[in-house]
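Chemist: So the sequence lines, in the order shown, correspond to chains A and B.
Numbers 46 to 230, taken from our numbering, label the letters of the first sequence in order.
Numbers 36 to 1123, taken from our numbering, label the letters of the second sequence in order.
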Amino acid sequence: VCRETTVESSMKRDNKPNCPVLVPSVILHSRYRELAPHLVPLDYTNNPDIRVPLALIVAMPELKENPFRDRIVETFSEDGHGNLSFNDFVDMFSALCETSPRELKTIYAFKIYDFNRDSFICKEDLRKTLNKLTKGDLTPEEVTLVCDKSIEEADLDGDSKLSFSDFENMISKAPDFLSNFHVRI
Amino acid sequence: MWTDRALFLLCRCVSSCSSSDDEDKQDERVDSNDPEEMFQNIQYQKEIIANIRTRPWPMRRKLKVLKQAREIVLRYEGRLTRTRGYQTAGADVFSLSQMFPLSCRGHFGSGVASYFIFLRWLFGINIVLTIMTGAFIVLPELLAGAPFGTTRSKTIPKEHLASAQDLDTIWSLGGYLQYSVLFYGYYGRLRKIGSAGYRLPLAYFLVGMAVFAYSFIILLRKMAKNSRLSLASASDENFTFCWRVFCAWDYLIGNPEAAESKGAAIVNNIRVRDTHTAHSLDCPYPVTLPYTNILVLLSLAGSIYIIYFVVDRSQKLEQEKPELTLWEKNEVSVVVSLITMIAPSAFELVAQLEMYHPRTSLRFQLARVLVLYLGNLYSLIIALLDKVNSMSSAVSNWSDSSSFLATISQPEVDSFSTLVSDISVSEHHNSTIATIATVLDVRNSSVSSSGSIFNQTALFEKNTRSQQDPCWETYVGQEMLKLSIIDMIFTVASILLIDFIRGLVVRYLSDCCCWDLESKFPEYGEFKIAENVLHLIYNQGMIWMGAFFSPCLPAFNVLKLIGLMYLRSWAVLTCNVPHQQVFRASRSNNFYLAMLLFMLFLCMLPTIFAIVRYRPSQHCGPFSGQEKIYDIISETVASDFPLWFSKVMSYVTSPVVVLPALLLLFMLIYYLQAIARSLKFTNNQLRMQLQTERTEDKKKVFQMAAARLQAPEAAVDKKPDEQESDITSQEASIHTPSPRRNGSVTNFNSPVRRGNSIRTITQSASRADLNRGRGAGSVRSPTVTILPKHRPEHVPNSGTCRSKSYHHMAYSPPARYSDKIHSDPLYRKTIRSIHPVEAAGIITAQSYGGRRGPTTRYVIVNEHDPRKKLLRSATRIPRHYLMEEPAEILELYPRNFKRYPPRTAHRQPHPHRPQPSQPHLSEEEEEEDKGKGRRRMSLGKTHRPRSLSDLHQPAHFYIGDRGESHASMAKDSHTAQGRYSLLVRSRRHIHSPGRHCQSPARTRHMEAYVKPKTRPKLETPLTESDSASLASSSDQQNSSTDQYIQVIHNKEHYLKSDARQGKLAKKKSKTSFDLNVTESNDLVCSNV
């Protein structure tokens, strides 16, 4: 789904709507249109500015079980509120696809886990992550413990929060990050 | 929080601006006409195109850049690229990954996905194998080989012709199927076929070997790639908790049930981190172990015996009965498949008896099943080869007698002597198999009379009935294909029965049953990933084993895999629940591959053994008439290559060459292994070095500091440059051992990251710029010189003051950006409330607020200054010094103090000349120490107040101590203390912009290398739980505070001396702050 052709062909679509488009982006666009048939047109001649709201995107079967679905969509939306244009949509699935490189995935994973978008993963972010992950099954003490331990493990510069390089260093050694951090459409 | 956010936004703006600059640059570059530049441009654009996916840009920008790049490339490079583009597009359309319905992967997570990925990968391999065999063996034979029915090996014997189309014959791969391209026996023995002279036998042999070679290569490559991808194996570091948090969720999961179980698994995983491992370590041998293992061993032995027995029985049946029933024909493969199906479940039951940890039991289960599969395959192939043995001995009998009969029937009047010679000739041909007994027997028969000939014919008839065309290769191929087919049927049946029907029953009968079907006994079928993958491996092993004897086996396997994939995905979607103990996908990736490799090796052995050991059938197959199958190579070399080549080959294959080559190989292996070991050692060494680097650094720095202390003071004053160069050299020596810090980016980053050293950088820059007399330089230096003066005045004070100052600092950051004037009153107020008398203190505090803005900018301005590296390290010097020997510093201190007055006096005439940078520097260092100390202390937020309170007492104590000497200064120090926390807090804000401004991803990458360096230092505070480390760190803190206070004393002294203008200065500073927020030049003047 997510080769470079998606980029290429969606670009073609933006410019010349009549040119033959390749299969993957057709699939992607049909998925995109499924979400909001009343919003998304098939004709992009005038480059209309269409954004599908977060609530609709999050209901996709690929995302609906994901505890971080809101964050994922927000991360990839250009306006930061979770409204996705088709470009953002393609962007999202190309970053989350199987073949996208580790560096890119790392960048976006960091953004996703950075809840308050201060470009650091602080304890509060970690706590939110954990609570979403476990749906509140852990006691607050356990959550605090895990947060502290995680920060202790990965924080290299000692500012008690994880900068991107901390995160990258940690995630690059994770055995199943690549296999887990991908969504197939 | 607020500041960080604001800074982040700011930096985003900056980065976007710079990126737009980039784009402008691109446009400019397009316009240039220089061919060299054009070429480079094209390369650059291509790079952009290639790497566009790795950029974390929004899609809009990606598209824009890509479009631009493409246009440029297209315009300048011509049509070549475009055709290539179409090719890649075509490849994408037809790429394998698009062909499969892998939607199921989206529901059960990566565990199930790994099964399907593995399946897909195997499918790819089988496609290649199919193409190899199809293109080089099957197609030539079909196109150019002798047509069906022309030769004896290609005709169905008359007595079988009637039943050749019966369903059961076809089903057991007899009849027409037996005499088709499916099997070895059909292929002609002609050395060259067709008009082009295609050497089919040679191709057959080479392709047979190439199948194995290709499989090996592709497997090993995949494994190497996998291990490269998973860097985890390369490092000992583990981030258990982090991984559990950040990598736990499987983004592929789209099924509520799977999500639920995954969530539960994550919770479990987090909760009982160590208990599992402890458990498995505690009782590695449960009580039930002997029984269970004996049970498993027994079942393994039983399965092997059954297989052997069945093969033996089928052999006997074939010899005794003229017509076999359908069951008897398929008995072997059915039994094998049954065992393959039932035994794993039995093993699972057995595994439930033993109380292993799930992971361990899964491993045991996998190992047992693998052994079972291997045992099955091996016992089957051994039984078959055993049968082949007996068959070929029978064949030798038969062929003798047939030739004998032929000679008898053809010429009526042939002498016995010729007969004998004939027979002996044939005997010589078959020397290996035919025993002397038979020779004697034949001789006897030929010598005696036709009576014995009748005997022979009787034997012959018996033989013809059982195996009129005994082609053992075909037989093995048949068995393998049959096994594969039956296996497929069993798999399908098990999916339908065990999964589907069970699912139906459970779902629809659970209402009318007295217990809950869904959760208790039958449940829904689990999708057992590990066992299913093992089954795939087993299946592939079968293919490898039989591929040589049945060239169409890979093709069949392709069909089988397609069917299996669709059926499996359907079953997984409809009637399976995810396995509760998921075998870790990525880690198991190489595990599965390793098993596959093992399987490949073990399955290759029988084939190789058969090729080397057995004589090919005499009347069928491409190698008929040869002594050994591999003779085809030597024969081809001898007959079809020039003479010199065969000579060379004979030399090469002689022991003279082979033995040294083997020896060389061994040596090479040993050498490589030694290198690998040494590399590992080096790796460890480097890691150790990284860890100890910190302490090394400290030691050297200490030496350096000591040397500096011993140097005469006058020299310091007169030749600061010289001394600095000295520092430079020492610094260089420090930096050389660590190879990571060589990059200039690193050097740039590190000062930025430690916001504390910014000031030193600017200082050096101003120094460098001084001679040139640049405006910027002059602006910078004053701000620097200001720092040492006001900084030291902030020393921790009583709790109330501290909290107040904190409060204000919390507001100041936004003020810096939005409206500084707003924050100004706040400042003044607090400062006044703290100490209304102290004027100088207020000045400094306010100059602070004004100064903060520029600081960030300096970092950017001085980006290319090469000297900052040196100075950065120089700033570190006293810190280490302090940390290690706090007592020394007290001595160090007065010097700085002494130097103080001359410096300021010096400065008066040259306001922006930082000539006495040495003392200056040291003070800043101390400040930095404080900042560092603060950072250490504030590592855990909960500990901060504690550490601060710890801080107080010694600080007061020292004040009292020093109060004797500087009696007049006591109160000053007291007030100054009050703002210590303020200072620290604000400093943190100062260096935070430095962090944020390095938005480009590349610098971030470099950061990663810088970071480990800081780690060792932080380790003490990280283990905050033990109070000892905390105490020690607070001790360090105290020591630095002491000095701090002293500095303050000195400086205050100085300030007081010319602070007749105290009030005046205060007012001035206020105004200067309001007016020159960005330019603190005036501020300095007013201060001085």
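C-beta: ideal position from N, C-alpha, C; glycine also.
Identify which residue in I166/A, D193/A and V188/A has its Cα closest to the Cα of D211/A.
Modeler: Counted from its first residue, the first sequence places residue 211/A at position 166. Checked all of I166/A, D193/A and V188/A; the closest Cα to D211/A is I166/A.
Chemist: Is the Cβ of V228/A closer than 9 Å to any Cβ of chain B?
Modeler: For the purposes of this step, residue 228/A is taken as the residue at position 183 of the first sequence. It does; some Cβ of chain B falls within 9 Å.
Chemist: Comparing the C-beta of S75/A with each C-beta of chain B, is any distance below 9 Å?
Modeler: Taking the first sequence and counting its residues from 1, one reaches residue 75/A at position 30. So, not an interface residue.
Chemist: Does L409/B pass the burial test, meaning 16 or more other C-beta atoms within 10 Å, or should it be called exposed?
Modeler: The sequence position of residue 409/B within the second sequence is 374, counting from 1. It is buried - the Cβ of L409/B has at least 16 other Cβ atoms within 10 Å.
Chemist: Quick one: using the 10 Å Cβ neighbour count with 16 as the cut-off for buried, is T174/A buried or exposed?
Modeler: Position 129 of the first sequence, counting from 1, holds the residue named residue 174/A. Buried is the call here.
Chemist: Give the DSSP-derived three-state secondary structure of G232/B in the structure shown.
Modeler: Here the question's residue 232/B lines up with position 197 in the second sequence. Residue state, collapsed to three classes: coil.
Chemist: Would the region 628-642 of chain B and the region 186-194 of chain B be scored as touching if the rule is three or more Cβ pairs under 8 Å?
Modeler: Inter-segment contact for the region 628-642 of chain B and the region 186-194 of chain B is absent: fewer than three beta-carbon pairs are separated by less than 8 Å.
Chemist: From the DSSP output, which residues share a beta bridge with G125/A?
Modeler: Counted from its first residue, the first sequence places residue 125/A at position 80. None, per the DSSP bridge assignment.
Chemist: Would I710/B be called buried (16 or more neighbouring beta carbons within 10 Å of its own) or exposed?
Modeler: The sequence position of residue 710/B within the second sequence is 675, counting from 1. Exposed, since its Cβ has fewer than 16 Cβ neighbours within 10 Å.
Chemist: List the residues that DSSP assigns as beta-bridge partners of V607/B.
Modeler: In the second sequence, residue 607/B corresponds to position 572, counting from 1. According to DSSP, V607/B bridges with nothing at all.
Chemist: Quick check on this structure: which residue in R155/B, G229/B, I172/B and M167/B has the alpha carbon closest to the alpha carbon of A181/B?
Modeler: Here residue 181/B is taken as the residue at index 146 of the second sequence, counted from 1. Nearest Cα to A181/B within the set R155/B, G229/B, I172/B and M167/B: G229/B.
Chemist: Thinking C-alpha only, which one of L588/B, G576/B and L544/B is nearest Q513/B?
Modeler: One-based indexing of the second sequence puts residue 513/B at position 478. Nearest C-alpha to Q513/B: L588/B.
Chemist: For N290/B, decide whether its Cβ has a neighbour in chain A, counting only Cβ atoms nearer than 9 Å.
Modeler: Residue 290/B sits at position 255 when you count from the first residue of the second sequence. So yes, N290/B belongs to the interface.
Chemist: Should A219/A be flagged as near chain B, meaning a C-beta pair shorter than 9 Å?
Modeler: As a first step, residue 219/A must be located in the first sequence, where it is residue number 174. Closer than 9 Å: yes.
Chemist: Compute the Euclidean distance between the alpha carbons of E383/B and L235/B, then round it to the nearest angstrom.
Modeler: The residue given as residue 383/B occupies position 348 in the second sequence. The residue given as residue 235/B occupies position 200 in the second sequence. Note on geometry: alpha-carbon atoms of E383/B and L235/B lie some 48 Å from one another.
Chemist: Quick one: what's got a C-beta closer than 8 Å to T609/B's C-beta in the same chain, skipping five residues either side?
Modeler: Residue numbering aside, residue 609/B sits at position 574 when the second sequence is read from its first letter. Cβ within range, chain order: F535 and G538.
Chemist: Mind the definition here: the region 592-604 of chain B touches the region 638-658 of chain B only if three or more C-beta pairs lie below 8 Å; say whether that holds.
Modeler: Proximity of the region 592-604 of chain B to the region 638-658 of chain B falls short of the contact definition, fewer than three beta-carbon pairs being nearer than 8 Å.
Chemist: What is the C-beta distance between A283/B and L178/A, in whole angstroms, given that I count them as a contact (C-beta under 8 Å)?
Modeler: In the second sequence, counting from the first residue as 1, residue 283/B sits at position 248. In the first sequence, counting from the first residue as 1, residue 178/A sits at position 133. Correct: roughly 6 Å between the Cβ atoms.
Chemist: So, is I252/B buried or exposed, given that buried needs 16 or more other C-beta atoms within 10 angstroms?
Modeler: Translated into the one-based positions of the second sequence, residue 252/B becomes position 217. By the neighbour-count criterion, in which a residue is buried when 16 or more other Cβ atoms sit within 10 angstroms of its Cβ, I252/B is exposed.
Chemist: If you follow the alpha helix (DSSP H) that F276/B is part of, which residue opens it and which one closes it?
Modeler: Counting from one through the second sequence, the residue named residue 276/B turns up at place 241. Here the alpha helix (DSSP H) through F276/B covers T275 to F281.
Chemist: Go ahead and label L361/B buried or exposed: buried means 16 or more other beta carbons lie within 10 angstroms of its beta carbon, across all protein chains shown.
Modeler: If you number the second sequence from 1, residue 361/B lands on position 326. Looking at its Cβ environment, which holds fewer than 16 other Cβ atoms inside 10 Å, L361/B is exposed.
Chemist: Leaving aside the five residues before and after C192/A along the sequence, list all residues of the same chain whose C-beta is less than 8 Å from its C-beta, in chain order.
Modeler: On the first sequence, position 147 is the one that residue 192/A refers to. So the list reads K168, L171, R172 and L175, once near-sequence residues are dropped.
Chemist: Whole angstroms is fine: what's the gap from A248/B's alpha carbon to F171/B's?
Modeler: On the second sequence, residue 248/B is found 213 positions in, with the first residue counted as 1. On the second sequence, residue 171/B is found 136 positions in, with the first residue counted as 1. Going by the C-alpha atoms only, they are around 16 Å apart.
Chemist: Could you give the distance in angstroms between the alpha-carbon of L698/B and the alpha-carbon of P690/B?
Modeler: For this step, residue 698/B is matched to residue 663 along the second sequence. For this step, residue 690/B is matched to residue 655 along the second sequence. Their Cα atoms are separated by approximately 12 Å.
Chemist: Here's the rule I'm using: 16 or more other beta-carbon atoms within 10 Å means buried, otherwise exposed. How should K260/B be labelled?
Modeler: Mapped onto the second sequence, residue 260/B falls at position 225. Per the 10 Å Cβ criterion, exposed.
Chemist: Do G243/B and A1132/B have their beta-carbon atoms positioned less than 9 Å apart in this structure?
Modeler: Beyond the ends of chain B as shown, which are 36 and 1123, falls residue 1132/B; an answer cannot be given.
Chemist: Using a C-beta cutoff of 9 Å, does W1161/B count as contacting chain A?
Modeler: As shown, chain B starts at 36 and ends at 1123. That puts residue 1161/B outside it, with no answer to give.
Chemist: Residues in its own chain within less than 8 Å of P82/A by CB, not counting five upstream and five downstream?
Modeler: As a first step, residue 82/A must be located in the first sequence, where it is residue number 37. Cβ neighbours of P82/A beyond the five flanking positions: none.
Chemist: Note down, in chain order, each residue of its chain lying with its Cβ closer than 7 Å to the Cβ of A313/B, except the 5 sequence neighbours on either side.
Modeler: What you label residue 313/B is simply residue 278 of the second sequence in a count that begins at 1. Any reading at A313/B needs caution, since the residue's pLDDT is 39, under 50, leaving its predicted position unreliable; the model's value is listed next. Same-chain partners within the cutoff: there are none.
Chemist: For V692/B, is the classification buried or exposed, using 16 other Cβ atoms within 10 angstroms of its Cβ as the cut-off for buried?
Modeler: Stepping through the second sequence from its first residue, residue 692/B is reached at position 657. V692/B should be labelled exposed.
Chemist: Give me the Cβ distance between F274/B and K150/A, rounded to the nearest whole Å; I'm assuming they're in contact under 8 Å.
Modeler: Here the question's residue 274/B lines up with position 239 in the second sequence. Here the question's residue 150/A lines up with position 105 in the first sequence. Not a contact, Cβ separation roughly 17 Å.
Chemist: Under a three-way DSSP split, which group does M215/A fall into?
Modeler: Position 170 of the first sequence, counted from the first residue, corresponds to residue 215/A. Three-state DSSP puts M215/A in a helix.
Chemist: Consult DSSP for I152/B and reduce its assignment to one of helix, strand or coil.
Modeler: The sequence position of residue 152/B within the second sequence is 117, counting from 1. DSSP places I152/B in helix when its eight states are reduced to three.
Chemist: 9 Å is my cut-off, CB to CB: does T526/B come that close to chain A?
Modeler: Your numbering for residue 526/B matches position 491 in the second sequence. No, T526/B lies away from the interface with chain A (no Cβ there is under 9 Å from its Cβ).
Chemist: Going by DSSP in three states, I329/B sits in which element: helix, strand or coil?
Modeler: Within the second sequence, the letter at position 294 stands for residue 329/B. DSSP places I329/B in helix when its eight states are reduced to three.
Chemist: In the DSSP output, what is V97/A paired with across the bridge?
Modeler: As a working note, residue 97/A is residue 52 in the first sequence. Its beta-bridge partners are L129/A.
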